[in-house]
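In the numbering used here, the protein residues as written are 1438 to 1776.
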């Protein structure tokens, strides 16, 4: 049973290799003397077993029986499938990889005589190169630096295949198979990373929300203080305006009183008004139970009124002696009436 499986695998590899060989190196036609070389092909001619020349596309002539078409090389870009192979990364993870190599014959002579079965040699070289490059990096780097890994494999293959007249254009890793346990571990890691990102996003959302609320409260307090400041300013402005208007009204009243005093009998009217206010204030003292210290001449209305009269007219810049006789008589009479 084991031998039959091994035989089938060997036969499968041989058929695949044969198909690739026909795709890379074409079947040689017979020399009929007149040869028509297709476009993008190079025919290598041997004369009497020795290399003679390479036929270019188009009409060519050769000597039958002396000239032989030894090799037919395709100058087109060819894709060669690199079979599955195992490789171990630097962190000891076993991988199974396959890929596709794109190449082109650059020199038909070197491709014919530089190496036997160039396609097989390139395939083996690609496998060993890929295994070597995978062993230099970790598993995470295989996925993160896949493009760089492809370029590195192409560089190594191009340098090795240059003596064979073959140019390696590009290499692509097609499939990467991981062990089942590694897949499960990576899935758990992905889920943990997603939960971590969700928690971070949630915390950032809460932080932004707290910042927005704090900014709102700050803005509200600023606006409230601004409104309070405007209110206080307006109130102070109103009070200042009221004081100014009151002062203006009092000044106007003083001007009117001063104008009235300058008229005839104006001084007597002032004395009468002062006496009335004095009597009213003095009578209000008896209604309070508090102890109050008064001057000794408080009961002498005439002297108190005369003193206030002199102070008032001194402030107005008038001569109080001009009103003294008449004023004192009227005040004395008013004092007698009050008693």
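Heads up, the beta-carbon is just placed ideally off N, CA and C, and yes, glycines get one too.
| request: Check whether the Cβ atoms of residue 1503 and residue 1485 lie closer than 8 Å to each other. | output: yes
| task | Tell me, please, whether the stretch 1582 to 1599 touches the stretch 1512 to 1522 by the rule of three or more beta-carbon pairs shorter than 8 Å. | result | no
| task | Whole angstroms is fine: what's the gap from residue 1787's alpha carbon to residue 1554's? | result | The structure shown does not extend to residue 1787, since the chain spans only 1438 to 1776, so no value can be given for it.
| task | Could you work out which residue in 1497, 1489 and 1624 is closest to residue 1470 when comparing CA atoms only? | result | 1497
| field | Chain-order list of residues whose beta-carbon lies under 6 Å from that of residue 1614 (same chain, five-residue window excluded) | value | 1533
| message | If the criterion is Cβ atoms closer than 8 Å, does the pair residue 1513 and residue 1604 meet it? | response | no
| task | Note the first and the last residue of the continuous beta strand (DSSP E) segment covering residue 1483. | result | 1478 to 1484
| query | Is the stretch 1557 to 1564 touching the stretch 1610 to 1628 in the sense that three or more CB pairs, one from each, lie closer than 8 Å? | reply | no
| task | Would you grab the beta carbon distance between residue 1518 and residue 1537 for me? Rounded to a whole angstrom, and I think it's under 8 Å. | result | 6 Å
| field | Residues near residue 1639 by beta carbon distance below 7 Å, same chain, minus five either side | value | none
| query | Looking at the structure shown, is residue 1574 part of a helix, part of a strand, or coil, going by DSSP? | reply | coil
| Quick one, are the C-beta atoms of residue 1601 and residue 1547 less than 8 Å apart? | yes
| Span of the alpha helix (DSSP H) around residue 1615 | No alpha helix (DSSP H) holds residue 1615; DSSP gives it neither H nor E.
| Which listed residue (1589, 1642 and 1510) has its alpha carbon closest to that of residue 1476 | 1510
| said: Tell me the rounded alpha-carbon separation between residue 1590 and residue 1563. | reply: 7 Å
| CA nearest to the CA of residue 1608, picked from 1648, 1674 and 1595 | 1595
| Same chain, Cβ closer than 7 Å to residue 1566, neighbours up to 5 away in sequence not counted | 1590, 1593 and 1594
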